[in-house]
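Visitor:
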């Protein structure tokens, strides 16, 4: 494949057409465009119920230029498992030519992945199907109005865990889904953000190139649900990365590598202040909670850096052994 | 661009005998007909003089409406642009090669 | 199980019969999850796979919901797919049963009928398949291992027919049929392969990358009604195909199939309407009563969905009294499902039999000849007195 440049990516045929009904400034089509520009072979997608499915497939209109199937909310991974099994079976029986390449992807939001879809994802990863699962993490059940999910970060206000007089939004931590998937001992799992397009495209290419299951967790800005300025979408995404609330890393064959280290780590408050969903965090009574969130983010970042250091030391050792 | 003509809401609704089994949409990419810029009150204006063709606007446009020809930026497709403004903020030139201009939601077309 | 080159008389329980039918059909993909009493179906098949007798792609999913989801993905991709489950598993996959029929996907699902919890019971009744009858699937019921085997083979042809394109479930009673060895004739492997043929999907599949389509689009109020009416057409076209396939099967094997089996109904005055294993017992009781001079008969329903109401009405119309046997409590309805269907079928006729309902066999509770005798004798009383009494009564319930 061509080198990863915007020029070569822009020359790839669009797998998702314009005219879709995403909110202005939505992160989903940005991620789709960047990730799919790295797939040369024919691609088929199984999409869970959610924003991506709704904006792109309202009968009789479709934004998809590739085969698409939607069956239910929690089974994007199970549906693609069946399709991939068919591909293997029909190839074996000669009803699909032996050299016909098809790539399989399951696309779902954090709702259909962290929570209700976790079982199907876990099963598909364990069975080792050859597919890529992309989770579009906008940190709540945004399609239905913004209810909390397992991917909602601590402190975020959602409609089912709103910030009010006595409660300060979600009190629980955000599940570390990428590590959960990596612990299925799949070849590749990564976290990406469309504000770092080169990192995202590199990881997408790796994910689609690997034989076996791969998982990508992509942070998808949602101006509607995050209550932020649509034009600041990419900057806010980048602040999430710079504050280490959504670190960019990959787990390749069991080794953790941090692929982006911010030059200046941003305090979480600097990120939060741009979004209405965190507005309550600036009240004096929530200062202690904000402090705890900052601590939790720092701890986790330190842990990631430790894993990264281990990986790099191991790689250096191996390199030294060869020489 | 005839594929964009014929607003879907003006198309006749199909009867049950015409819909075909399984609600399967047989033609890909029919959303191209939908004028998503109808939603917008502003458009992005492109200045080819200052543009350095870095394509960062292409990379970050959610509505897939940055036209690229032979690796160079060729304008904003006003049929789809919802005026979110991400491209304007992504543009690295000074002065910016993309700017806002008001748009009345396509009422004139 | 060695290759079958000519008709083989052997003994199998209904689980093994389903497994054998699946071996001979050798589908492209099977996605299944174990649940009592259907587990041995997949165990039998998995052993065939492990021994290289079939080359199906078997996806060992992590729940029944994922099993049916993977089946949907596989069928959409153009595979011939089969699955087997029961009870709670069927309930768990209910959402996707509706998706499968809505997407008009051919699928064959084997069921070992068992009630849904609570309380938990693994034994046998019709709560599961009655419960999901609104999912828009074709439902075939089987009296014994032979019928189970024959129904599985015919189900493939019925489901894949372009006019039908509706998934089919083949049902037999949990434990009473599934684990009970009976005499069975297995057809030669080649016959089954020829009868089902190679699957050529009548629709553009998910793997057709040169003709990309969108499957499972969402509908606003302006389209769902039309799509559902279109889907319903599959069930309206199904009877003609079921009849044709059953007739062809009969010509080739000597065992023809229709929508019902009328046992000694030609001149009957009293009959019992039932499905699945109980029909075997009922036939014996009918013979006994006939010896005693009572004009008893049995109407066995094979195709429950789409319900053959015209055939049922014609068969039962001349009788004096009919008892519908339902293996599920009415759950708030006037009676069990068969009772409601039969009464509905007979409603328009000025002269029609009295119809009553017996609930039996819940959770594997045995139904013995003496219980059926009691039912027939009550029908005889109704015939004489003209008074039905309460519509719903129970057989072998400790009251």
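Residue numbers (our numbering), protein chains in the order written: chain A, 1 to 323; chain B, 1001 to 1109; chain C, 2001 to 2399.
Ideal Cβ positions, reconstructed from N, Cα and C, are used throughout, including at glycine.
None of the values given here were measured: they were computed from a predicted structure.
Taking DSSP as the reference, what is the three-state secondary structure of residue 1002 of chain B?
Guide: Along the second chain, one-based indexing puts residue 1002 of chain B at 2. The pLDDT assigned to residue 1002 of chain B is 42, lower than 50, so where the model puts this residue is not dependable, and the model offers no usable value.
Visitor: Step through the CB atoms of chain C and report whether any lies within less than 9 Å of the CB of residue 69 of chain A.
Guide: Sequence index remark: in the first chain, residue 69 of chain A carries index 69 (1-based). It does: the Cβ of residue 69 of chain A has a partner Cβ on chain C nearer than 9 Å.
Visitor: Give the DSSP bridge partners of residue 1102 of chain B, in chain order.
Guide: Reading the second chain from its first residue, position 102 is the one you call residue 1102 of chain B. Note: residue 1102 of chain B sits in a beta bridge opposite B/1042.
Visitor: Starting from residue 2138 of chain C, follow its DSSP beta bridges and name the residues at the other end.
Guide: Your numbering for residue 2138 of chain C matches position 138 in the third chain. Answer is C/2168.
Visitor: Quick check on this structure: which residue in C/2026, C/2267 and C/2274 has the alpha carbon closest to the alpha carbon of residue 2323 of chain C?
Guide: As a first step, residue 2323 of chain C is located in the third chain; it is residue number 323 there, counting from the start. Cα-wise, what sits closest to residue 2323 of chain C is C/2274.
Visitor: How many Å lie between residue 2038 of chain C and residue 2111 of chain C at the Cα?
Guide: In the third chain, the residue the question calls residue 2038 of chain C occupies position 38. In the third chain, the residue the question calls residue 2111 of chain C occupies position 111. Using only the alpha carbons, I get a separation of about 7 Å.
Visitor: First and last residue of the beta strand (DSSP E) that includes residue 151 of chain A?
Guide: Counted from its first residue, the first chain places residue 151 of chain A at position 151. From DSSP, residue 151 of chain A is part of no beta strand (DSSP E); its letter is neither H nor E.
Visitor: When the Cα atoms are used, what is the spatial distance from residue 1066 of chain B to residue 79 of chain A?
Guide: Start at 1 with the first residue of the second chain, and residue 1066 of chain B comes out as number 66. Start at 1 with the first residue of the first chain, and residue 79 of chain A comes out as number 79. Straight-line Cα distance between these residues: approximately 33 Å.
Visitor: Pull the bridge partners of residue 2214 of chain C from the DSSP assignment, please.
Guide: In the third chain, residue 2214 of chain C corresponds to position 214, counting from 1. A/68 and B/1025.
Visitor: Is residue 1026 of chain B close to chain C, meaning its C-beta is less than 9 Å from at least one C-beta of that chain?
Guide: As a first step, residue 1026 of chain B is located in the second chain; it is residue number 26 there, counting from the start. With 9 Å as the cut-off, residue 1026 of chain B counts as an interface residue toward chain C.
Visitor: Could you say which of C/2031, C/2367, C/2334 and C/2098 lies nearest to residue 2392 of chain C if we only look at CA atoms?
Guide: For the purposes of this step, residue 2392 of chain C is identified with residue 392 of the third chain, where counting begins at 1. Of the listed residues, the one whose Cα sits closest to residue 2392 of chain C is C/2334.
Visitor: Of all the CB atoms in chain A, is at least one closer than 9 Å to the CB of residue 2136 of chain C?
Guide: Counting from one through the third chain, the residue named residue 2136 of chain C turns up at place 136. It does not; no Cβ of chain A falls within 9 Å.
Visitor: Pull up the CB-CB distance for residue 20 of chain A and residue 63 of chain A, whole angstroms please, since I reckon it's below 8 Å.
Guide: In the first chain, counting from the first residue as 1, residue 20 of chain A sits at position 20. In the first chain, counting from the first residue as 1, residue 63 of chain A sits at position 63. So it is a contact: roughly 4 Å between Cβ atoms.
Visitor: Are residue 2365 of chain C and residue 2397 of chain C closer than 9 Å when you measure CB to CB?
Guide: Reading the third chain from its first residue, position 365 is the one you call residue 2365 of chain C. Reading the third chain from its first residue, position 397 is the one you call residue 2397 of chain C. Yes; because the gap between Cβ atoms is below 9 Å, this pair is in contact.
Visitor: Identify every run of the beta strand (DSSP E) within the stretch 77-147 of chain A, keeping only runs that are complete inside it and at least 3 residues long; order them along the chain.
Guide: Within the stretch 77-147 of chain A, the complete beta strand (DSSP E) runs of at least 3 residues are 103-109 and 132-137.
Visitor: Taking 8 Å as the threshold, find out whether the stretch 2137-2152 of chain C comes into contact with the stretch 2379-2394 of chain C through three or more Cβ pairs.
Guide: With a cut-off of 8 Å, the stretch 2379-2394 of chain C and the stretch 2137-2152 of chain C do not count as touching, because too few Cβ pairs lie within range.
Visitor: State yes or no: is the beta carbon of residue 1015 of chain B nearer than 9 Å to at least one beta carbon in chain C?
Guide: To locate residue 1015 of chain B, count along the second chain from 1; it is residue 15. True, the Cβ-Cβ gap to chain C drops below 9 Å.
Visitor: Does residue 2254 of chain C come out as helix, strand or coil in the three-state DSSP assignment?
Guide: Here residue 2254 of chain C is taken as the residue at index 254 of the third chain, counted from 1. If DSSP states are grouped into helix, strand and coil, residue 2254 of chain C belongs with coil.
Visitor: Looking only at C-alpha atoms, which of C/2046, C/2017, C/2021 and C/2024 sits nearest to residue 2031 of chain C?
Guide: As a first step, residue 2031 of chain C is located in the third chain; it is residue number 31 there, counting from the start. It is C/2046.
Visitor: List, in order along the chain, the chain C residues whose C-beta lies closer than 8 Å to that of residue 1021 of chain B?
Guide: In the second chain, counting from the first residue as 1, residue 1021 of chain B sits at position 21. Going along chain C in sequence order, the residues near residue 1021 of chain B (Cβ under 8 Å) are 2104, 2165, 2203, 2230, 2231 and 2234.
Visitor: What are the residues of the stretch 89-111 of chain A that lie near chain C, defined by any Cβ-Cβ distance shorter than 9 Å?
Guide: Of all residues in the stretch 89-111 of chain A, 89, 90, 92, 93, 95, 96, 100 and 102 have a Cβ within less than 9 Å of some Cβ in chain C.
Visitor: Between which two residues does the beta strand (DSSP E) containing residue 2012 of chain C stretch?
Guide: Taking the first residue of the third chain as position 1, residue 2012 of chain C is located at position 12. Per DSSP, residue 2012 of chain C belongs to the beta strand (DSSP E) from 2008-2012.
Visitor: Given that a residue counts as buried once 16 or more other Cβ atoms are within 10 Å of its Cβ, and exposed if not, what is residue 73 of chain A?
Guide: Translated into positions along the first chain, residue 73 of chain A becomes position 73. Looking at its Cβ environment, which holds 16 or more other Cβ atoms inside 10 Å, residue 73 of chain A is buried.
Visitor: Residues of the stretch 2062-2094 of chain C with a CB closer than 7 Å to any CB of chain A: list them in chain order, please.
Guide: Going along the stretch 2062-2094 of chain C in chain order, one finds 2062, 2063, 2065, 2066, 2069, 2070, 2071, 2072, 2073, 2074, 2076, 2077, 2078 and 2079 with a Cβ nearer than 7 Å to chain A.
Visitor: When you compare only the Cα positions, how much space is there between residue 2227 of chain C and residue 2108 of chain C?
Guide: As a position in the third chain, residue 2227 of chain C is number 227, starting the count at 1. As a position in the third chain, residue 2108 of chain C is number 108, starting the count at 1. Near 22 Å, if we compare the C-alpha coordinates of residue 2108 of chain C and residue 2227 of chain C.
Visitor: In the DSSP assignment, find the beta strand (DSSP E) that holds residue 2270 of chain C and state where it starts and stops.
Guide: Looking up residue 2270 of chain C in the third chain gives position 270. First-last of the beta strand (DSSP E) with residue 2270 of chain C: 2270-2274.
Visitor: Would the stretch 2072-2082 of chain C count as touching the stretch 2112-2124 of chain C if we require 3 or more Cβ pairs under 8 Å?
Guide: Taking 8 Å as the limit for Cβ pairs, the verdict is that the stretch 2112-2124 of chain C does not touch the stretch 2072-2082 of chain C.
Visitor: Please report the distance separating the alpha-carbon of residue 46 of chain A from that of residue 106 of chain A.
Guide: If you number the first chain from 1, residue 46 of chain A lands on position 46. If you number the first chain from 1, residue 106 of chain A lands on position 106. Using only the alpha carbons, I get a separation of about 5 Å.
Visitor: So which residues on chain B does residue 2219 of chain C lean against when the C-beta distance must stay under 8 Å?
Guide: On the third chain, position 219 is the one that residue 2219 of chain C refers to. Correct list: 1023.
Visitor: Just the chain B side, please: which residues come within less than 9 Å of residue 260 of chain A by C-beta, in chain order?
Guide: The sequence position of residue 260 of chain A within the first chain is 260, counting from 1. Here the premise fails: no neighbours, minimum Cβ distance about 16 Å.
Visitor: Considering residue 2031 of chain C, what are the terminal residues of the beta strand (DSSP E) in which it resides?
Guide: In the third chain, counting from the first residue as 1, residue 2031 of chain C sits at position 31. Residue 2031 of chain C -> beta strand (DSSP E) spans 2029-2032.
Visitor: Looking only at its chain, what residues have a beta carbon closer than 6 Å to the beta carbon of residue 2029 of chain C, apart from the 5 residues adjacent to it on each side?
Guide: In the third chain, residue 2029 of chain C corresponds to position 29, counting from 1. Around residue 2029 of chain C: 2057, 2074, 2079 and 2081.
Visitor: Is any beta-carbon of chain B found at less than 9 Å from that of residue 271 of chain A?
Guide: As a working note, residue 271 of chain A is residue 271 in the first chain. Cβ-Cβ to chain B under 9 Å: no for residue 271 of chain A.
Visitor: Just how far apart, CA to CA, sit residue 2360 of chain C and residue 2377 of chain C?
Guide: Position 360 of the third chain, counted from the start, is the residue given in the question as residue 2360 of chain C. Position 377 of the third chain, counted from the start, is the residue given in the question as residue 2377 of chain C. If I take the Cα positions, the gap works out to 16 Å.
Visitor: List the residues of chain B that residue 222 of chain A touches, going by C-beta distances under 7 Å, in chain order.
Guide: By one-based count along the first chain, residue 222 of chain A stands at place 222. Simply none; closest approach about 11 Å.
Visitor: Do residue 2015 of chain C and residue 2040 of chain C have their beta-carbon atoms positioned less than 9 Å apart in this structure?
Guide: Locating residue 2040 of chain C in the third chain gives position 40, where the first residue counts as 1. Locating residue 2015 of chain C in the third chain gives position 15, where the first residue counts as 1. Result yes, Cβ atoms of residue 2040 of chain C and residue 2015 of chain C sit closer than 9 Å.
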